[in-house]
Amino acid sequence: MTERPESDDRRPVPGPSASSTPEPPVTPAASSSDGPASEAPAAENATSDAAAHEAPSSGTPAADAAAPAPAPKAPAAPKPPRPGARPDGAAPKAPAGPKGPKAPQASAEVPHTALAPAESVARAKKFGRVAEDGTVYVTVQGTEYECGQFPDATPDEALAYFARKFDDAEAQVALLEQRIAAKAPAGDMRKTVAHVREQVDAHGMVGDLTELSTRLDTLEDAIRVALEREREEARKHKAEQLARRTEIVEAAEGVAGQDPEKTQWKQSSTRMAELFTQWQEHQRSGGRLSKSDEDALWKRFRKARTTFDRHRKAFFSSLDETNAKAKRVKQGLIAEAEALSSSTDWGETAGKYRDLMDRWKAAPRASRKDDDALWARFRAAQDVFFDARKAANEQIDKEFEGNLAVKEELLAEAKRILPVKDLESAKKKLASIQQRWEEAGKVPRAHMRRVENELRSVEDSIKKAEDDKWRRTDPETKARSNSMLSQLESKIADQRAAVEAARASGNEKKAASLEKDLATSEQWLVTLQASASELG
19 MTERPESDDR
29 RPVPGPSASS
39 TPEPPVTPAA
49 SSSDGPASEA
59 PAAENATSDA
69 AAHEAPSSGT
79 PAADAAAPAP
89 APKAPAAPKP
99 PRPGARPDGA
109 APKAPAGPKG
119 PKAPQASAEV
129 PHTALAPAES
139 VARAKKFGRV
149 AEDGTVYVTV
159 QGTEYECGQF
169 PDATPDEALA
179 YFARKFDDAE
189 AQVALLEQRI
199 AAKAPAGDMR
209 KTVAHVREQV
219 DAHGMVGDLT
229 ELSTRLDTLE
239 DAIRVALERE
249 REEARKHKAE
259 QLARRTEIVE
269 AAEGVAGQDP
279 EKTQWKQSST
289 RMAELFTQWQ
299 EHQRSGGRLS
309 KSDEDALWKR
319 FRKARTTFDR
329 HRKAFFSSLD
339 ETNAKAKRVK
349 QGLIAEAEAL
359 SSSTDWGETA
369 GKYRDLMDRW
379 KAAPRASRKD
389 DDALWARFRA
399 AQDVFFDARK
409 AANEQIDKEF
419 EGNLAVKEEL
429 LAEAKRILPV
439 KDLESAKKKL
449 ASIQQRWEEA
459 GKVPRAHMRR
469 VENELRSVED
479 SIKKAEDDKW
489 RRTDPETKAR
499 SNSMLSQLES
509 KIADQRAAVE
519 AARASGNEKK
529 AASLEKDLAT
539 SEQWLVTLQA
549 SASELG
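The opening residue of the sequence shown carries number 19 in our numbering; numbering runs sequentially from there.
Below, the structure written as structure tokens:
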């Protein structure tokens, strides 16, 4: 094949295709607030985000978009170009020049057209063909459409160009399918689908356009679903943000609505400050609310803070007046606690201290410094009593250590009774141990449950042995066992006779079946005989 000069115009004449220009996204700008910068809510953004759309590249070199300059008029009139927007989607042909030397071409640089991969061309041949004049056709559902013309090229080169257009469109569809599957934002996908759909409908490429169109249909449905899902998620997100901001306001109203006489002012002040910080953070990062919602919530929040501050000031202004009264009440409670501190009536006095504690909690609070000092005196009086009770209990436990040693020996003696071989002897030994156990007295509280459980375990074992003996010697049980033995022995005799009769008649199959039943009955007989022997 003779190499063509660089000036040869080898550009194809494609059919028209739509393109779209990407629009840059608009960055929302926050408007100024209607109150103090640290407190007032931000107004809604005046503009909404614009969907950014990137028009996918068709893979065609830039110079391909320019129409070639017509050659000088030849002696024979050239075939007029076809109209560009015909129903069959064919692109207009460039006018053919006369045979012989080529006329000068347009000054635009003509890029080299790279061949598509061999498998792409092979696939394209199933759906298209190249005419002798370089016109490329594509077949869609039995109808042939003209794609365009690629003159002065081999059929594979011409077909490769339009196959590459199909590959590019198919790649865009595949990318959209991946984005849909990954639940990517679907706002700009419709423009891309429309762009590819326009290319497919123009029949300006060679490939399985029917299958590609079906995939586009599926994509359009999926995009509609995705857009609806995104709208629903946006509505849900806005509702969640409104609910969260409302929670902050309601929490502030709850803090402000406390009874001033029962409010823990330090904790409540910290909580109110935390809620204000949460409001500011949510205002910055929680998403936009409508101006009416924002203003209404801010008014409620500001009112709650104002109410809380007013209650706090009123409380502390009256605190000095009540401080003297609180001191007198608690000093009286301290006097009662100190009077009880030397009591040795442990149970009754402990109850009185519980009552004093309840009265202390119900008493008015003095200043922090006075209240701490009064509490230290009240607590010291209680400690005297409870420390004395603890020392007395420790002394009692020490005295009970000897009792514990006695009961440990009795436990060892009781465990030697097991396993029970002579029931009557075991019962007598246990009775003796139980009597000595009671005489031994109390043990330290730390060991009380353990030793009692161990003795109870021995008692339970002897009781079980007694129950087992009664079960074995029960006349009714023995009578039932003997009756079952008699019935089973009679049944076995009948089964043996049936086996012999079957063999005598020559029916070996029946005899074998009867022998299986006989074997089962004999096993039952052995089991029942063993049980009967246990019953004596």
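Glycine included, every Cβ here is placed at the ideal spot set by N, Cα and C.
If you look at THR228, you'll find it in the alpha helix (DSSP H) that goes 227-274. Distances from the alpha-carbon of GLU312 to those of GLU354, TRP297 and LEU234 put TRP297 closest. Judged by beta-carbon spacing, ARG323 lies within the 9 Å limit of ALA274, meaning their Cβ atoms are closer than that value. Residue pairing of VAL158 in beta bridges, as defined by DSSP: THR161. For ARG467, the secondary structure class from DSSP, reduced to helix, strand or coil, is helix. Taking the Cα of PHE326 as reference, the smallest distance to any Cα among THR172, PHE180 and GLN285 is reached at GLN285. In summary, HIS329 is buried, with 16 or more beta-carbon neighbours lying within 10 Å of its beta-carbon over all protein chains present.
In the same chain as LYS528, and ignoring 5 residues on each side of it, the C-beta atoms closer than 7 Å to its own belong to ALA520, in chain order.
A Cβ-Cβ separation of about 7 Å places LYS256 in contact with GLY305 under the 8 Å criterion. Each of PHE404, GLU426, SER360 and ALA353 was checked against the Cα of TRP393, and the nearest Cα belongs to ALA353. Nearest C-alpha to THR295 among LEU234, SER308 and ILE266: ILE266. Distances from the CA of ALA199 to each of GLN217, ASP239 and VAL214 were compared; the closest alpha carbon is that of ASP239.
Put simply, of ALA458, ALA187 and LEU193 the residue whose alpha carbon is nearest the alpha carbon of GLU216 is ALA187. Annotated as proximal: LEU351 and ARG377, with beta-carbon spacing under 9 Å. Scanning the stretch 493-547 for uninterrupted alpha helix (DSSP H) segments of 4 residues or longer gives 493-522, listed from N- to C-terminal end. As the crow flies, the alpha-carbon of ALA548 is around 29 Å from that of GLU477. A residue is called buried once 16 or more other Cβ atoms fall within 10 Å of its Cβ, and ALA432 is buried on that count.
According to the DSSP assignment, VAL148 belongs to no alpha helix (DSSP H) but to the beta strand (DSSP E) extending over 146-148. Remark: fewer than three beta-carbon pairs, one from each stretch, lie closer than 8 Å, so the stretch 417-429 and the stretch 383-398 are not flagged as touching.
If you draw a 10 Å sphere on the C-beta of GLU456, you find fewer than 16 other C-beta atoms in it, and that means exposed.
In the pairwise beta carbon analysis, the stretch 401-418 is classified as touching the stretch 362-372: at least three pairs are separated by under 8 Å. The DSSP-derived three-state label of GLY166 is strand. With contacts defined by Cβ atoms closer than 9 Å, ALA136 and GLY225 do not form a contacting pair. Ranked by Cα distance from ILE451, the first of LEU436, ARG467, GLU442 and LYS425 is LYS425. Runs of the alpha helix (DSSP H) spanning 4 or more residues and lying entirely within the stretch 319-399 occur at 364-380, in chain order. Within the stretch 415-494, the runs of alpha helix (DSSP H) at least 4 residues long that lie entirely inside it are, in chain order, 419-433, 441-458 and 463-491. Ranked by Cα distance from GLN276, the first of MET290, ARG263 and GLY166 is MET290. For ALA178, the uninterrupted alpha helix (DSSP H) run begins and ends at 173-199, by DSSP. For the pair LEU237 and GLU299, the CB atoms are not nearer than the 9 Å cut-off.
The three-state secondary structure of THR288, taken from DSSP, is helix. Within the same chain, Cβ atoms closer than 7 Å to the Cβ of PRO278 are found at HIS329, ALA332 and PHE333, the five residues on either side in sequence being excluded. Taking GLN505 as reference, the option from TRP542, TYR163 and LYS445 with the minimal CA-CA separation is TRP542.
Residue environment analysis places ASP440 among the exposed positions, since fewer than 16 neighbouring C-beta atoms fall within 10 angstroms of its C-beta.
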